[in-house]
Every structure is written in C-alpha cells, then in structure tokens.
Amino acid sequence: MITRSFPMAIISQVALSMQTVLTETADHLAPETGLIKRQRQLSGASCAQTLVFGWLSNPDATLEELAQTATAIGVNITPEAVFQRFTFVASHFLKRLLDSSIEQVISANPVAIEVLRRFSGVYLLDSSIVTLPDALADVWQGCGGSEKNSSASVKLSVCLNMTGGDLGLHLENGCTQDKSSPLATFSLPVGSLRSADLGYFSLPRLAQMSEDGAYWLTRVKVQCTLTCDTNSKAQRYELYEFLQSKDANGIDVRIRLGKTEKLHCRLLAVRVPEEVATKRRRQRRARLKEKGKTPSRRQLQMADWTVFATNALEQLLSLEDAIVLMRLRWQIKLLFKRWKQHGRIDKWRSEKPWRIFCELYAKLIGMCVQHWLLLTSAFSNPARSLVKAVKTIRRHAMQIACAVASQELHQLLEVCQIIASCLATGCRMNKRKKEPNTYQLLLALEENP
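Structure representation (structure tokens):
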C-alpha cells in the first residue's frame with residue numbers, strides 16, 4: 098500500500114515519457130532503422146526494454162541475464178539470439194532511441210533552497226569522456242596521446258538545472274572542445290544562472306548571456322587581464338598582480354574583464370589556507386606531468402586563491418553566496434561518477450565494436466530513465482542522497498520493465514508511485530559537522546543572511 102503522496106503531474110510525466118520512448122518510439126524506429134524488417138517475436142520495443150532494463154538492473158549483466166530480462170517481459174529468446182542482435186543496425190537504432198530520450202524535457206518541483214530560487218534556474222555545465230577501443234575512431238574520434246583519451250572516445254556534455262532537475266545531454270567526439278558544444282551556446286531563460294567548468298570559458302559568450310538577461314558565475318582563466326578604476330583612473334592589471342595588491346582575504350570588486358572585451362562584472366576572490374594551496378600545487382603538477390608539461394610560475398601562484406567572476410549584482414549574490422554556489426559544480430561531477438561507477442556506462446563485456454555501442458547507448462538511455470525517476474521525489478529534497486536513490490531504482494528495474502511491457506499506463510503509474518515512496522524513505526544524507534554537505538551550506542545561507 099502506498100503511504101505517501103507525491104505530485105501526480107511529475108509522476109504522470111515520467112511514466113508517459115517512459116512509455117512513449119520505450120514502446121511507441123522504439124516500435125516506430127525499428128523498421129525505420131532496419132532493425133525489424135518483418136514481424137518478429139522481438140519487436141523494437143521489446144529489444145529496447147530488454148537491453149535498457151537488463152543493464153539498468155545489473156550493469157554487468159551477461160547474455161543469460163539479458164535473455165532472462167526478455168523472458169520477464171514476455172519474450173522467449175536464447176542468450177545466443179541476444180548476442181546476434183548486437184549489430185551495426187541495432188547500435189544505430191539505440192542511438193536514435195537515445196536521441197529521443199534526450200528530447201524529453203521533465204522538471205521536478207523547485208528545490209526548497211532560497212538562494213537557488215532567486216533564479217529562474219541554476220544550470221551546471223560540464224563534460225566527461227568515455228574512452229573507446231581505438232578501432233572505433235571512425236565513429237567517435239578522440240584526441241589520442243593518453244590512456245584517458247585514446248584515438249577513439251565520446252564526450253558526454255551535460256547541462257543540469259539544479260532548481261528543477263531538467264537534464265540536457267549531448268554526445269560528441271572526444272576531441273571536441275567544451276566551448277564548441279551546442280550546450281555551451283544554448284540560450285538560457287531570462288533570470289537564470291549558469292555555472293560552467295573552465296573549459297567553457299568564453300568572454301564573448303558571457304557577454305551574450307548578459308545581453309540576453311541571464312546571469313553567470315565562472316572561474317577565471319589565469320592569463321586574463323582586468324581593468325579596474327583606481328583613484329578615478331582606469332588601470333589594467335594581470336589577474337595575479339591585482340590579487341597580490343590586495344591585503345584582504347576576501348575580494349569583491351567591480352571590474353572590466355578581458356584585454357579587448359572589457360566585460361563589466363564583479364571579481365570575487367578568496368585566499369585559501371596554505372595547506373589547501375600546497376595541495377593544489379601538488380595536484381596541478383601531477384596533472385600536467387601526465388601530459389608531459391610543467392606548470393608555469395603564474396599557475397602555481399594562483400593556487401593561493403579561489404577566483405571567480407559574475408555579472409550578478411551584490412543584492413542578488415553575495416560573496417558568501419557565490420562561494421557556496423561554486424561548490425554546486427561538484428554535483429554534475431557526482432552525476433558522471435554515478436553514471437560510471439553505478440551505471441558502468443564506460444564498461445562492457447565484449448571488444449566487438451557494435452556490441453560496445455549497443456551497450457553504451459542502452460545504458461545511457463537507462464541513465465535518462467533513472468534521472469526521470471529521481472525527479473519524482475528525490476531531487477526536490479535538499480538532503481537527498483542520490484547514490485542511495487539510484488541503488489533503490491536499480492532494485493526496482495524489473496518491476497518497471499514489466500510495467501512498461503504491459504503497455505498499461507496505470508500499471509506503470511503505480512510502480513512509479515511505489516518508487517517515489519521508496520526514494521522518500523531512507524535516501525537521505527547524514528548531516529556532517531566537520532565537513533558539511535553542500536546542501537547544509539546552502540541552507541545555512543538562509544539561517545545567516
């Protein structure tokens with residue numbers, strides 16, 4: 098019996114999106130892509146459901162386990178027959194189905210954190226690489242030169258709205274620069290805030306966002322120059338030179354950023370403890386050593402500071418607010434960590450090219466389904482533990498598969514309601530005193546305005 102109630106709008110939206118993508122859309126794409134050429138026991142829908150939910154339930158599922166998943170949804174098929182389905186055509190079918198999944202726009206109720214609600218959305222932007230065997234470079238081209246980015250790799254660019262949970266995902270060649278991604282130039286709603294990794298740093302793009310009425314909060318590149326009015330005179334500084342001229346441990350000044358762009362914004366900086374600076378220098382040396390490089394003196398000096406810039410006014414975003422919001426960027430890195438460690442999107446049980454692509458695309462569809470289910474109740478809770486939540490969803494994967502396969506929407510709605518109740522029970526983070534969780538710091542801003 099369901100003992101908790103949740104907004105039916107979001108649950109209905111999630112159930113309908115799942116049902117549409119994994120039945121109607123899958124059956125439509127199957128003949129269009131050549132997956133199904135005549136009436137067969139394994140339809141486009143049953144093929145998609147078998148692979149998506151088979152790997153969502155167990156990311157390391159064997160052929161036998163995938164065959165058992167097919168049996169659970171009403172299709173009797175042998176492990177050998179499953180293996181024979183891993184073809185170029187099947188990978189193309191699953192890629193098209195992934196594209197359809199990405200097109201689904203689902204938002205939860207806004208997270209109950211005041212600093213986030215000041216904006217129409219708080220969008221995080223980052224990317225992660227999935228390294229592929231070199232033989233697949235004709236499909237997804239990597240940069241080469243390191244184990245992490247071989248001659249074949251696919252880059253997953255993600256834009257995550259921390260206010261409502263809506264997710265944007267784009268696949269591109271591993272060698273593509275972050276700032277060239279379509280998500281980097283995506284127009285955001287007026288009054289929203291974007292916080293992106295330094296790879297997306299582009300002064301012309303930031304200027305365009307300001308013109309469009311959106312806010313941004315970004316780290317600043319070491320080599321940037323800035324102009325600041327001193328004694329009624331405009332004076333240009335190198336970034337580190339300017340920071341060293343200040344005695345304060347916290348800096349919040351209005352500047353014009355860039356040698357030619359002269360973008361009006363606020364420069365925010367905080368001097369870090371010596372042990373933190375030492376750790377940063379050690380990590381920077383290690384990262385560059387992997388690439389056969391050494392850090393410059395300026396790069397090492399900048400380890401003394403945490404520096405970022407924003408076009409938001411002080412009344413909307415204080416220095417303290419900005420420091421905590423910058424920590425939110427780790428949430429998107431944790432999303433990639435969940436996808437890789439728990440969803441194992443970068444692991445496969447074969448070296449056969451089309452089997453690898455089938456597994457990658459099916460698992461990514463599973464990650465979309467997983468994210469939709471998180472929105473039913475877990476995402477809007479500031480104290481949510483998404484690691485606990487994804488484990489809960491995995492345990493219910495076969496229930497979802499059977500409900501989707503039944504093509505009875507009311508059955509799927511019931512399963513989604515049960516999952517929403519489970520996510521609301523026991524999927525919380527424990528409070529930490531010594532190193533508070535990000536949500537604790539965000540809530541503390543309300544207590545100490």
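Residue numbers (the numbering used here): 98 to 546. The beta carbon of each residue, even a glycine, is placed where N, CA and C say it ideally should be.
Run of the beta strand (DSSP E) containing residue 168, from where it starts to where it stops:
Taken as a continuous stretch (DSSP letters only), residue 168 belongs to no beta strand (DSSP E), being part of the alpha helix (DSSP H) at 160-169.
Taking Cβ positions, are residue 501 and residue 113 nearer each other than 7 Å?
no
Look at the alpha carbon of residue 117 and the alpha carbon of residue 109, and state the distance between them as a whole number of angstroms.
12 Å
With the cut-off set at 7 Å, would you say residue 227 and residue 462 are in Cβ contact?
no
For residue 342, I'd like the list of residues in its chain whose CB is within less than 8 Å of its CB, leaving aside the five on either flank, ordered along the chain.
334
Grouping DSSP H, G and I as helix and E and B as strand, with all else coil, what is residue 298?
coil
Between residue 312 and residue 408, is the Cβ-Cβ spacing less than 7 Å?
yes
Could you check whether residue 225 and residue 275 sit closer than 7 Å to each other, using their CB atoms as the reference points?
no
Note down, in chain order, each residue of its chain lying with its Cβ closer than 6 Å to the Cβ of residue 528, except the 5 sequence neighbours on either side.
none
Opposing strand residues paired with residue 223 [DSSP bridges]:
255
Cβ neighbours of residue 167 in the same chain (closer than 6 Å, five flanking residues each side left out)
147 and 174
Tell me which residues share the same chain as residue 124 and place their Cβ nearer than 7 Å to its Cβ, disregarding the 5 neighbours each side in the sequence.
140, 141 and 142
In terms of residues, what are the limits of the alpha helix (DSSP H) holding residue 418?
416-424
If you follow the beta strand (DSSP E) that residue 292 is in, where does it begin and where does it stop?
290-293
Out of 426, 179 and 487, which has the shortest C-alpha to C-alpha gap to residue 523?
487
Are the region 435-444 and the region 456-473 touching, with three or more C-beta to C-beta distances below 8 Å?
yes
Residues of its chain near residue 532, where Cβ-Cβ distance is below 7 Å and the 5 sequence neighbours each way are ignored
none
Just checking, does the region 181-194 make contact with the region 210-224 on the three C-beta pairs under 8 Å criterion?
no
To the nearest angstrom, report how far apart residue 160 and residue 411 are at their CA atoms.
57 Å
Compare the Cα-Cα distances from residue 537 to each of 158, 414, 370 and 209 and report the closest residue.
209
In chain order, what residues of the same chain lie with their CB nearer than 7 Å to the CB of residue 396, ignoring the 5 residues before and after it?
319 and 381
May I ask you to report which of helix, strand or coil DSSP gives residue 442?
coil
How long is the line joining the alpha carbons of residue 504 and residue 157, rounded to whole angstroms?
27 Å
Does the beta-carbon of residue 402 have 16 or more other beta-carbons within 10 angstroms, so that it is buried, or is it exposed?
buried
Residue ranges of each alpha helix (DSSP H) run of no fewer than 4 residues wholly in the region 348-378, ordered along the chain?
none
What is the rounded straight-line gap between the Cα of residue 102 and the Cα of residue 256?
Unreliable placement is indicated for residue 102, whose pLDDT of 46 sits below 50; no coordinate value is reported for it.
If you draw a straight line from the C-alpha of residue 251 to the C-alpha of residue 477, how long is it?
31 Å
Quick check on residue 346: buried or exposed, where buried means 16 or more other Cβ atoms within 10 Å of its Cβ?
exposed
Element boundaries [alpha helix (DSSP H), containing residue 229]
Run containing residue 229: none; DSSP gives neither H nor E here.
Using three-state DSSP, classify residue 267 as helix, strand or coil.
strand
Contact check, residue 321 vs residue 296 under 8 Å by CB: the rounded distance?
Between residue 296 and residue 321 the Cβ distance is about 15 Å, and since that is not below 8 Å, they are no contact.
Assess contact between the region 263-281 and the region 194-212, defined as three or more Cβ pairs (one per stretch) separated by less than 8 Å. Is contact present?
yes
Given the structure, does residue 429 come close to the ligand ZN, in the sense that its CB is under 6 Å from one of the ligand's heavy atoms?
Only the bare structure without any ligand can be found here, which leaves the ligand ZN out of the picture.
Under 7 Å between C-beta atoms of residue 484 and residue 497
no
Beta-bridge partners of residue 238, as assigned by DSSP
249
Measure the alpha-carbon distance for residue 416 versus residue 359 and round it to whole angstroms.
22 Å
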